[in-house]
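Q:
Numbering (the working numbering), first residue to last: 1369 to 1741.
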């Protein structure tokens, strides 16, 4: 009880300082400061490492916003060195993750390391969802803030042969992709380092989950930006603008979703994908254990049969009987006709398995981590 009270009190002070500091610097609007205070308070109330992970994401994003400020002013309309985040943007990059942390605290209890022997449990699934959510947020933020500084122009993710102005939604570059991977991995490492005593296996799993969430979420955000979020380019000012003007032309996407909506969809998808992948990992682990048990039982039965004495009822040794050829029965016309169909179905199943195999990369790593050292 006292530990919870102390953590909540500390979280209140930290959240208040962050909200008021962001309001004074101009990085947060009034509604954004209020949303940031609530989000920070809930995160620290759930656990120390949830609060520190949120703090790391916020601080790293604010620091990277100031990197290359002179270049960003020339390519982005309304650029501010600290950004100006409202409540919608704050909640789009925090609501789902904080909800996962609150659910874990309410349903499971205090924070604990990942249990790789049961990744399908509610606690593990919510932890991975939390990490993947903020890994996606950090990956997208780092890619946006650093990718715009790339020496080579970005390419539209849906049309890789086509270049676009720097800052275009849906544009990807090598520098931006590497930045998204680094941001996601750092979120996983930060979350793992804040639980004492640290666990090397958990750190590896969380860094991998963060890496996949950062890159995958950033690419999904780019895909949405290139298709359902419009980007306009003003030829006169040579800047990317967020709204159509008489001198601006649309260079990518359709005006269906706003930037906040795209962020919400991509980050929520990353969280759901991580929780689902952990559930699949648990199912495959259980199936693997059952298959191993059946194999062990079969091997034991065969070994026991081989140890039995080969003697008859009267105690005399048995002589091995020669193998007799078995006459093959002619197959019926129906079975013969069904042969090509069975072959086609088998080939289709093999092809489907081959196509679906890459989607289980995360599951395979999780299953391997579940094996005791």
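All residues carry an ideal CB built from backbone N, CA and C; glycine is no exception.
#1: Select from 1402, 1536 and 1385 the residue whose C-alpha is nearest the C-alpha of residue 1526.
#2: Terminal residues of the continuous beta strand (DSSP E) containing residue 1599?
#3: To which residues of the same chain is residue 1607 closer than 7 Å at the C-beta, ignoring the five residues directly before and after it?
#4: With 16 as the cutoff for other CB atoms within 10 Å, does residue 1528 come out buried or exposed?
#5: Just the Cα atoms here: how many angstroms apart are residue 1438 and residue 1521?
#6: By alpha-carbon positions, which one of 1617, 1482 and 1569 ends up nearest to residue 1605?
#7: Helix, strand or coil: how does DSSP classify residue 1466 here?
#8: Measure the C-alpha to C-alpha separation of residue 1566 and residue 1560 and round it to an integer number of angstroms.
#9: Given that a residue counts as buried once 16 or more other Cβ atoms are within 10 Å of its Cβ, and exposed if not, what is residue 1411?
#10: Quick one: residues in its chain with C-beta nearer than 8 Å to the C-beta of residue 1600, no 5 flanking neighbours on either side, listed in chain order?
#11: Taking the alpha helix (DSSP H) that residue 1431 belongs to, which residues open and close that run?
#12: Could you check what DSSP says for residue 1476 in three-state terms: helix, strand or coil?
#13: Would the beta-carbon of residue 1382 fall within 9 Å of that of residue 1419?
#14: By Cβ distance below 7 Å, which residues in the same chain neighbour residue 1563 in space, the five residues on each side in sequence not counted?
#15: Give the C-beta separation of residue 1377 and residue 1507 to the nearest angstrom, bearing in mind that I take them to be a contact with Cβ-Cβ under 8 Å.
#16: Helix, strand or coil, according to DSSP, for residue 1396 in the structure here?
#17: Return yes when at least one heavy atom of the ligand SAM lies under 8 Å from the C-beta of residue 1481, else no.
#18: When we look at the beta-carbon of residue 1392 and count the other beta-carbons within 10 Å, is it buried (16 or more) or exposed?
#19: Hey, residue 1468 and residue 1501 are a contact pair by Cβ (cut 8 Å); roughly how many whole angstroms apart?
#20: Please state whether the Cβ-Cβ distance between residue 1371 and residue 1435 is less than 9 Å.
#21: Once DSSP output is grouped into helix, strand and coil, what is the label at residue 1525?
#22: Is it buried or exposed, residue 1374, if we count other Cβ atoms within 10 angstroms and call 16 or more buried?
#23: Which class does residue 1610 belong to by DSSP, given the choice of helix, strand or coil?
#24: Please state if the CB of residue 1643 and the CB of residue 1497 are separated by a distance shorter than 9 Å.
#25: State whether the stretch 1454-1470 contacts the stretch 1623-1636, with contact taken as three or more CB pairs (one from each stretch) at a distance under 8 Å.
#26: Using the three-state DSSP reduction, which class does residue 1439 fall into: helix, strand or coil?
#27: Apply the 10 Å Cβ neighbour rule to residue 1574 and answer buried if 16 or more other Cβ atoms are within range, or exposed otherwise.
#28: Taking only three categories from DSSP, how would you classify residue 1635?
#29: What do you reckon, are the CB atoms on residue 1465 and residue 1505 nearer than 9 Å?
#30: Which residue's Cα is closest to the Cα of residue 1594: 1624, 1580 and 1570?
#31: Near residue 1597, which residues of its chain fall below 6 Å by C-beta distance, leaving aside the five closest residues on each side in sequence?
#32: Should residue 1493 go down as buried or exposed, given a rule of 16 or more other Cβ atoms within 10 Å for buried?
#33: Residue 1427: which of 1396, 1568, 1545 and 1414 sits nearest, CA to CA?
#34: Report yes if the CB atom of residue 1541 is closer than 9 Å to the CB atom of residue 1530, and no otherwise.
#35: Ordered along the chain, which non-local residues of its own chain (more than five positions away) have a Cβ less than 7 Å from that of residue 1636?
#36: For residue 1617, which beta-bridge partners are listed by DSSP?
A: According to the structure shown:
#1: As a working mapping, residue 1526 is identified with position 158 in the chain shown. Residue 1526 has its Cα closest to that of 1536, out of 1402, 1536 and 1385.
#2: Translated into positions along the chain shown, residue 1599 becomes position 231. Boundaries of the beta strand (DSSP E) around residue 1599: 1599-1602.
#3: The sequence position of residue 1607 within the chain shown is 239, counting from 1. For residue 1607, where only same-chain residues beyond five positions count, the Cβ hits under 7 Å are 1443, 1444 and 1445.
#4: As a first step, residue 1528 is located in the chain shown; it is residue number 160 there, counting from the start. By the 10 Å Cβ count, residue 1528 comes out exposed.
#5: Residue mapping note: residue 1438 aligns to position 70 of the chain shown, counting from 1. Residue mapping note: residue 1521 aligns to position 153 of the chain shown, counting from 1. Taking the straight line from one Cα to the other gives about 17 Å.
#6: As a first step, residue 1605 is located in the chain shown; it is residue number 237 there, counting from the start. Selected option, being the one with the closest Cα: 1617.
#7: On the chain shown, position 98 is the one that residue 1466 refers to. In this structure, residue 1466 counts as helix in the three-state DSSP scheme.
#8: Taking the first residue of the chain shown as 1, we reach residue 1566 at position 198. Taking the first residue of the chain shown as 1, we reach residue 1560 at position 192. Taking the straight line from one Cα to the other gives about 7 Å.
#9: Here residue 1411 is taken as the residue at index 43 of the chain shown, counted from 1. Classification for residue 1411: buried.
#10: The residue you call residue 1600 lines up with position 232 of the chain shown. The residues are 1608, 1609, 1610, 1611, 1612, 1613, 1616, 1617, 1618 and 1619.
#11: The residue you call residue 1431 lines up with position 63 of the chain shown. Where residue 1431 is concerned, the enclosing alpha helix (DSSP H) stretches over 1416-1433.
#12: One-based indexing of the chain shown puts residue 1476 at position 108. Three-state DSSP puts residue 1476 in coil, outside helix and strand.
#13: The count along the chain shown starts at 1 and reaches residue 1382 at position 14. The count along the chain shown starts at 1 and reaches residue 1419 at position 51. Closer than 9 Å, so yes.
#14: Taking the chain shown and counting its residues from 1, the one referred to as residue 1563 is at position 195. Same-chain partners within the cutoff: 1417, 1479 and 1481.
#15: Indexing the chain shown from 1 puts residue 1377 at position 9. Indexing the chain shown from 1 puts residue 1507 at position 139. So it is not a contact: roughly 32 Å between Cβ atoms.
#16: Position 28 of the chain shown holds residue 1396. DSSP places residue 1396 in strand when its eight states are reduced to three.
#17: Of the ligands one can find in the structure shown there are none, so the ligand SAM has no counterpart to examine.
#18: Residue numbering aside, residue 1392 sits at position 24 when the chain shown is read from its first letter. By the 10 Å Cβ count, residue 1392 comes out exposed.
#19: Here residue 1468 is taken as the residue at index 100 of the chain shown, counted from 1. Here residue 1501 is taken as the residue at index 133 of the chain shown, counted from 1. That pair is a contact at about 7 Å.
#20: For the purposes of this step, residue 1371 is taken as residue 3 along the chain shown, with counting starting at 1. For the purposes of this step, residue 1435 is taken as residue 67 along the chain shown, with counting starting at 1. No. Outside cutoff.
#21: Here residue 1525 corresponds to residue number 157 of the chain shown, with the count starting at 1. Three-state DSSP puts residue 1525 in coil, outside helix and strand.
#22: Against the chain shown, residue 1374 aligns to sequence position 6. Exposed, since its Cβ has fewer than 16 Cβ neighbours within 10 Å.
#23: Here residue 1610 corresponds to residue number 242 of the chain shown, with the count starting at 1. It is coil, neither helix nor strand.
#24: Translated into positions along the chain shown, residue 1497 becomes position 129. Translated into positions along the chain shown, residue 1643 becomes position 275. Against a cut-off of 9 Å, the Cβ pair of residue 1643 and residue 1497 comes out as a contact.
#25: yes
#26: Within the chain shown, the letter at position 71 stands for residue 1439. DSSP places residue 1439 in helix when its eight states are reduced to three.
#27: Taking the chain shown and counting its residues from 1, the one referred to as residue 1574 is at position 206. Buried.
#28: Translated into positions along the chain shown, residue 1635 becomes position 267. Here residue 1635 sits in helix by DSSP.
#29: Position 97 of the chain shown, counted from the start, is the residue given in the question as residue 1465. Position 137 of the chain shown, counted from the start, is the residue given in the question as residue 1505. In this structure, residue 1505 lies closer than 9 Å to residue 1465 by Cβ.
#30: Working through the chain shown from its first residue, we reach residue 1594 at position 226. If we check each option's Cα against that of residue 1594, 1624 comes out closest.
#31: Sequence index remark: in the chain shown, residue 1597 carries index 229 (1-based). Closer than 6 Å at Cβ, skipping near neighbours: 1537, 1621, 1625 and 1630.
#32: Taking the chain shown and counting its residues from 1, the one referred to as residue 1493 is at position 125. Under this definition residue 1493 is a buried residue.
#33: Translated into the one-based positions of the chain shown, residue 1427 becomes position 59. Nearest option by C-alpha distance: 1396.
#34: Within the chain shown, residue 1541 is the residue found at index 173, counting from 1. Within the chain shown, residue 1530 is the residue found at index 162, counting from 1. Not closer than 9 Å, so no.
#35: Residue 1636 sits at position 268 when you count from the first residue of the chain shown. Answer for residue 1636: 1464, listed in chain order.
#36: Along the chain shown, read from residue 1 onward, the residue named residue 1617 stands at position 249. 1601, per the DSSP bridge assignment.
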